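The next block holds one structure in the form of C-alpha cells; read it before the comments.
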Amino acid sequence: MASSKPARLKVILGESNTEKLTLPNGIPDSLDELLSKVTDTFGLKTNVRLQYMDKDFGNDFFNLSSTSDLEDLGTVKVIQEKAIQTFVDVIETAPSSSTVHSDDSSSLASNDTIILSSPESLSSRTQQWPANFPIPMFSYDTERQLEKGNSEYQANNKMLTVTSRMKTDILNRLVEEIYRYRAYPEDAQFCVVAEALVKNHPCLKELKYKMGNYRTLLKSQGCPEFSVNSIKSKATISVFPTAKIKKPRRAEANFYPSFPLGETQESMEKERIELLTAIKRRNNDRVIADKMARTFAYRRQEVVNEEPGIEDFRDRWPALFQQKEFQRLMALPLEQTFLAQLDRHSSQLIKVIQAKGGLQCSSFNILFNSLQGSSGDDAQMELKQLTMAMFVIRKEGEGWKEPAEDIGIVIEGVEVSHDLTSVASA
C-alpha cells in the first residue's frame, strides 16, 4: 500500500511544459495506478509511458518499471505515443458489422501510419471536439485555492471569491484547451466548457470574452488561422472586408493549418511539383502519401484563399480525392465512421420512411427505381448538370444486386474518382 505521507513529483509533459503532481496518499505501489493518476490529472488522451530521473547516473532518464524507484520531490517524464493511439482507437471503436471491409481497412491503416508520422505544424489537430470536455490543470496556487473553495462550498454552500490573477489563470488555461479542438467555438460549446468547469470548480462568466482575446493574441503572433481574417489580408476591392469570415462551418478540425516547421510557400510548391512526378511512377503509394501529408497545409490555404474550381484544383492535386485527405481535414476516418453510422441507423431509417407512406414513401420508391439504370448518354448529360453525384455502371440487364463494373464520383461535371469498391465507399 502507498505511504500515507503526501508526495510531490515534477512531471515533464514536453518541451517548456512542466507541471507539479501532488499525491495526497503518497507514491502509489503500482505503476498502473501512477499512470492512471498522471493521465487523469493532466487530461492525456494518448498511450503514455513514464521515465524517471536517476541521480546515480548524472540525472539521466530511464524507463520506469517500478514506483519504488521514485521518491518525494522526484522528477518523471511523460512519453506520449500519439501516432499509434490516434488510429488504433478509431479501429477499435468501429462495430463488428463493418469488418467485411477488413482488406480495405488494413490498406488504409498502413497509409494513415505514414500520415500521422509526417511532420505536423503546431496548429494541426488530431481529434474532434470531445464528448466530455477535459478541464485542464491550473497553476499550483490556483489549484490550492480552488480546492479550499470547493471544500468551503460543500460545507457551507459559500461561493469562492475569485481574484483577478486566479481568474486570468483559469481563463488562459481553458482557452488554450479549447483551441486544441476549435479556433472558432460555438455558443453551445462554450456552455459545455462552462458546465464541465462548474462540476469541479466555482463559476466562470468571461469565457467567451477571453476566447476573443486569445484569438487576437494568436493573430498578432502570425497564426494563419486568424491572420487570414485580418482586414489587411482581405482584397482591397471588397466592399465589406469583414463580412466573409473564413472559419470552419462543417466541423473541420484542421480548417486553415500553418505550414510545417521550417517550410515556406516556395518549398511547399516545390513539393507539389515533385508530387506530380511521383504520381506518374508505379508502386509509389508510400511516397505519394507522405508528400500529400506534408503539403496538406499548403493545399488547405490554397482552397480557403483562392477558392479554385474543381477541374483546376484536380489538375494541381491529382492525388487529392482519397479517404486520407478527409481524415487530415476532419480528424476522422471516413469509411469506418460512415459505415459504422450506416450500420447503426439504416434499417431503422428505412422502417420509418416505409411506415409513413404517402408522398415521402412514393419519393423513396422513385429514388430506388431511378437507381435501376438509365442509358449511358442520358446519364452523362445529367452528370454534367449536377454539382455532385455518384454513378454506378452495370452491364445491361443486370439488377442492383449484381456487382458493378465501375463506381465513381463526379463534382461540377468532372469525374474525380472511379473504380471504388462499393457504393458505401463512394
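Heads up, the sequence shown is in my numbering, so the first residue is 36 and it goes up one at a time.
The beta-carbon is built from N, C-alpha and C at its ideal position, and this holds for glycine as well.
All of these numbers come straight from a predicted model, not from anything done at the bench.
Simplified DSSP state of residue i, which is helix, strand or coil
i, result
"G93", "coil"
"Q314", "First, the amino acid is wrong: residue 314 is Ile here, not Gln. Looking at I314 - three-state DSSP - the assignment turns out to be helix."
"T57", "strand"
"I429", "Contrary to the premise, residue 429 reads as Arg rather than Ile in this sequence. Looking at R429 - three-state DSSP - the assignment turns out to be coil, as it is neither helix nor strand."
"I444", "strand"
"I308", "helix"
"L377", "helix"
"L85", "strand"
"L151", "Below a pLDDT of 50, predicted positions are generally treated as unreliable, and L151, at 42, falls in that range; the measurement from the model is reported next regardless. L151 falls in the helix class under three-state DSSP."
"K112", "strand"
"A354", "coil"
"A439", "coil"
Check whether residue i and residue j have beta carbons under 8 angstroms apart
i, j, result
"E449", "E337", "The residue you asked about is not Glu; residue 449 is Val in the sequence shown. No, they are not a contact pair."
"T53", "V46", "yes"
"K282", "M327", "no"
"P165", "Y216", "yes"
"I444", "S457", "no"
"M172", "T110", "no"
"R43", "D107", "yes"
"N82", "M88", "no"
"Q362", "P368", "yes"
"L500", "V73", "Because residue 500 is not part of the residues shown, which for the chain are 36 to 461, the question remains open."
"A332", "S302", "no"
"L181", "Y188", "no"
"R317", "P295", "no"
"M425", "I446", "no"
"L232", "I170", "yes"
Residue i: first and last residue of the uninterrupted beta strand (DSSP E) it sits in
i, result
"F331", "Element bounds for F331: not the beta strand (DSSP E) but the alpha helix (DSSP H), 331-341."
"E450", "449-452"
"D107", "Counting along the chain, D107 falls outside any beta strand (DSSP E), and DSSP gives it neither H nor E."
"G49", "42-49"
Where the alpha helix (DSSP H) through residue i begins and ends
i, result
"L69", "66-77"
"I8", "The chain is shown only over 36 to 461; residue 8 falls outside these bounds and no answer can be derived."
Whole-Å CB distance - residue i paired with residue j, under 8 angstroms assumed
i, j, result
"K112", "Q86", "4 angstroms"
"S314", "I308", "The sequence as given places Ile at residue 314; Ser does not occur at that position. With 8 angstroms as the limit, I314 and I308 do not qualify as a contact, their Cβ atoms being about 11 angstroms apart."
"F290", "V227", "Their Cβ separation, rounded to whole angstroms, is 20 angstroms, which puts F290 and V227 out of contact at 8 angstroms."
"L430", "E417", "What sits at residue 430 in the sequence shown is Lys, not Leu. In fact, because the Cβ distance is near 20 angstroms, the residues do not count as touching under 8 angstroms."
"G61", "K40", "5 angstroms"
CB contact below 8 angstroms: residue i versus chain D
i, result
"G184", "The structure shown contains no chain D; it is built from a single protein chain."
Legend entry - Length-filtered (4 minimum) alpha helix (DSSP H) runs lying within the segment 164-227: 175-191, 199-214
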